[in-house]
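Taken in sequence, the protein lines are chains A and B.
Per the working numbering, the very first residue in the first sequence carries number 1; after that it's consecutive.
Per the working numbering, the very first residue in the second sequence carries number 1001; after that it's consecutive.
To keep things clear, I will list the structure first and then write my remarks on it.
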Amino acid sequence: MLKAGGLAVWRGDRCLFSDLDVALAGGEMLYVSGHNGSGKTTLLRLLCGLILPEQGSITWSGVNIRALGDDYHRELFYFGHSSAIKEGLSGLENLRMAAALAGEPVTEQQAIEALDRMGLEGYEDLPAKVLSQGQKRRVALARLLLTGTRLWILDEPFTALDIVAIEHLRDTLHAHLAAQGLVVLTTHQRVDFEPARVRQLDLGHGSGTGL
Amino acid sequence: MTTALMLILRRDLTLAVRRMSDVLTTLFFFVIVVSLFPLGIGPELDTLREIAPGVIWVAALLASMLALEHLFSGDYRDGSLEQLLLVPQPLSLLVFGKVLAHWLVSGAPLVLMAPLLGTQLGLTWDALQVLLLTLLLGTPVMSLVGAVGAALTLGLRGRGVLLALLVLPLYIPVLIFGAGAVEASASGLGAGAHMSLLGAILVLAVCFAPWATAAAIRISME
């Protein structure tokens, strides 16, 4: 499904990685590891199409993602470094707005249920500025329970979550993989997944060593 | 497509209403700058009447400059802008929605406040009407053109000054025709020509500015 070949990215004079290949089929997870500054986030943003690779190409079902454009974005859920939560809106409003903008509108009931399942019961109507860092990330991650997209690209999703939430997120990812979904993930935490489904990609120190 | 436009409009308006301080700062800045002139120049009504259109226009220009910084910076900081790039809708459409919301909360109040300030400077009823109309045509152009500058300077250090340097020269045509219209109408020439030109500039800005802004955002986000 998701294929990338010969990817290379420079930041200024420094080569983050070169000649990097990624191939991921339905039901598989790509676990990207590496030191700080090794280019994990850059790789993820590259796979989203937010950055153009200096070399190489990324294809989805055999078609270049640049050519697919919005059709690719309809298949994609990206959870970035910052959780994209608007402090002026409540958790419920944030969730519904994000879903509606992505073209997957949800009813208030569905949104409340998703927030409850993320452990935010009673916090739905509070403005996001009074929520803690972890709670904001839970609001953003609640989208995972509602989205029908196939490819999930998650940048450090486990950061600032408590043990219960981590466990819950792991189950959600498992269910997604079982439904032939694709996950690309970076994390510093050790999280156990079925080895058969997981492909490892170590970016090391950012010297350009790939898979 | 229109739903996406309405969504972004509703989102930004809700956020603006919940943070009235940003809106009010722009408006008070406008009022104070205009009010400084009678104090500095003296209460000679004929002089004030003569400079009034220029003063109000320049003040409106600076005020909308001031508001521009908030246009994308909030979304840039909390990661929403990145998500907007991934929304399966044309980015220029979303940008247009954002600029429209921005104009409604920062440009439209200036237009509504202008007649009051015009009265303060002794403008006649006819001149006030022309002033109101030119501002109505001119302030959206300032928001649209300013958006390109705001997008280009996203995430840069000292972006406020850079933004002013980039955007203020582009405001010059709007200023010339805007303030000129009031003077032309006062001298009996009629403001029709100036208005038509302002209208044409607005149409051009609506067509091209969102598209240029979208391209600028993509560059800034790389």
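All C-beta atoms in this analysis are idealised placements derived from N, C-alpha and C, irrespective of residue type, glycine included.
Residue i at chain B interface by Cβ criterion, 9 Å
i                : result
PRO127 (chain A) : yes
GLU54 (chain A)  : no
CYS48 (chain A)  : yes
SER61 (chain A)  : no
LEU89 (chain A)  : yes
ARG170 (chain A) : no
ASP71 (chain A)  : yes
ALA98 (chain A)  : yes
HIS156 (chain A) : Before going on, a small fix: residue 156 (chain A) reads as Glu here, not His. So, not an interface residue.
GLY134 (chain A) : no
LEU76 (chain A)  : yes
ALA4 (chain A)   : no
GLY39 (chain A)  : no
GLU93 (chain A)  : yes
GLY103 (chain A) : yes
ILE51 (chain A)  : yes
ARG138 (chain A) : no
CYS15 (chain A)  : no
SER83 (chain A)  : yes
Three-state class that DSSP yields for residue i in the structure shown
i                 : result
PHE158 (chain A)  : coil
ASN94 (chain A)   : helix
GLN1089 (chain B) : coil
GLY42 (chain A)   : A small correction: the amino acid at residue 42 (chain A) is Thr; Gly does not occupy that position in the sequence shown. Correct three-state label for THR42 (chain A): helix.
SER1143 (chain B) : helix
GLY208 (chain A)  : At GLY208 (chain A) the pLDDT is 44, less than 50, meaning the model places this residue with poor confidence and gives no usable figure here.
PRO1109 (chain B) : helix
TYR1171 (chain B) : helix
TYR72 (chain A)   : helix
PHE79 (chain A)   : strand
SER61 (chain A)   : coil
LYS86 (chain A)   : coil
ALA8 (chain A)    : strand
Residues near residue i in its chain [Cβ-Cβ closer than 7 Å; skip 5 each side]
i                 : result
ARG1049 (chain B) : LEU1121, GLY1122 and LEU1123
VAL106 (chain A)  : ARG96, ALA99 and LEU146
VAL1148 (chain B) : ALA1209, ALA1212, THR1213 and ALA1216
VAL1034 (chain B) : VAL1055, ILE1056, ALA1059 and LEU1117
9 Å Cβ cutoff, residue i in contact with chain A
i                 : result
ALA1004 (chain B) : yes
ARG1157 (chain B) : no
MET1221 (chain B) : yes
SER1080 (chain B) : yes
VAL1087 (chain B) : yes
ARG1049 (chain B) : no
GLY1199 (chain B) : no
THR1014 (chain B) : yes
PRO1210 (chain B) : no
LEU1093 (chain B) : no
CA nearest to the CA of residue i, picked from the options
i                 : options                                       : result
VAL164 (chain A)  : A:GLY181, A:THR149 and A:ARG138               : A:ARG138
VAL1130 (chain B) : B:GLY1192, B:THR1025, B:GLU1044 and B:VAL1095 : B:GLY1192
ASP155 (chain A)  : A:ARG14, A:GLY39 and A:LEU2                   : A:GLY39
MET118 (chain A)  : A:ARG143, A:ASP125, A:GLU108 and A:GLN109     : A:ARG143
LEU1009 (chain B) : B:VAL1023, B:VAL1105, B:GLY1149 and B:THR1139 : B:VAL1105
ALA1060 (chain B) : B:VAL1174, B:GLY1079 and B:GLU1183            : B:VAL1174
SER1187 (chain B) : B:ASP1126, B:TYR1171, B:ALA1067 and B:ARG1018 : B:ASP1126
LEU1005 (chain B) : B:LEU1039, B:SER1035, B:ARG1077 and B:ALA1101 : B:ALA1101
VAL1203 (chain B) : B:GLY1180, B:LEU1144, B:LEU1085 and B:LEU1062 : B:LEU1144
Sequence-distant residues of the same chain with beta carbon closer than 8 Å to residue i, five excluded per side
i                 : result
GLY1199 (chain B) : LEU1137
GLY88 (chain A)   : PRO127, ALA128 and LYS129
SER1185 (chain B) : ASP1126, ALA1127, VAL1130 and ALA1191
Nonlocal neighbours in the same chain, by C-beta distance under 6 Å from residue i, ignoring five residues either side
i                 : result
LEU1128 (chain B) : PRO1115 and GLY1118
ILE1217 (chain B) : ALA1151
LEU1091 (chain B) : ALA1214
GLN133 (chain A)  : ALA160
Exercise. If you pair each beta-carbon of the segment 91 to 107 of chain A with each one of the segment 171 to 178 of chain A, do three or more pairs fall below 8 Å?
Worked result: Remark: fewer than three beta-carbon pairs, one from each stretch, lie closer than 8 Å, so the segment 91 to 107 of chain A and the segment 171 to 178 of chain A are not flagged as touching.
Exercise. Are three or more beta carbon pairs between the segment 187 to 201 of chain A and the segment 19 to 34 of chain A nearer than 8 Å?
Worked result: The answer is yes - the segment 19 to 34 of chain A touches the segment 187 to 201 of chain A, with three or more Cβ pairs under 8 Å.
Problem set entry | At least 3 beta-carbon pairs within less than 8 Å: the segment 50 to 59 of chain A vs the segment 104 to 123 of chain A | Inter-segment contact for the segment 50 to 59 of chain A and the segment 104 to 123 of chain A is absent: fewer than three beta-carbon pairs are separated by less than 8 Å.
Exercise. At a cut of 8 Å, does the segment 1029 to 1038 of chain B reach the segment 1053 to 1073 of chain B through at least three beta carbon pairs?
Worked result: With a cut-off of 8 Å on Cβ pairs, the segment 1029 to 1038 of chain B is in contact with the segment 1053 to 1073 of chain B, counting three or more such pairs.
For this session: Taking 8 Å as the threshold, find out whether the segment 1164 to 1182 of chain B comes into contact with the segment 1031 to 1045 of chain B through three or more Cβ pairs.
Result: Taking 8 Å as the limit for Cβ pairs, the verdict is that the segment 1031 to 1045 of chain B does not touch the segment 1164 to 1182 of chain B.
Exercise. For the segment 1139 to 1155 of chain B against the segment 1064 to 1075 of chain B, are there 3 or more C-beta pairs whose distance is under 8 Å?
Worked result: Under the three-pair Cβ rule at 8 Å, the segment 1139 to 1155 of chain B counts as touching the segment 1064 to 1075 of chain B.
Exercise. Can we say the segment 2 to 11 of chain A touches the segment 34 to 52 of chain A, given the rule of at least three CB pairs closer than 8 Å?
Worked result: Yes, since at least three Cβ pairs between the segment 2 to 11 of chain A and the segment 34 to 52 of chain A fall closer than 8 Å, the two stretches touch.
Exercise. Just checking, does the segment 85 to 94 of chain A make contact with the segment 1105 to 1113 of chain B on the three C-beta pairs under 8 Å criterion?
Worked result: Using a C-beta cut-off of 8 Å, the segment 85 to 94 of chain A makes no contact with the segment 1105 to 1113 of chain B, since fewer than three inter-stretch Cβ pairs fall below that distance.
Problem set entry | Contact between the segment 9 to 28 of chain A and the segment 59 to 73 of chain A (3+ Cβ pairs under 8 Å) | The segment 9 to 28 of chain A is not in contact with the segment 59 to 73 of chain A.
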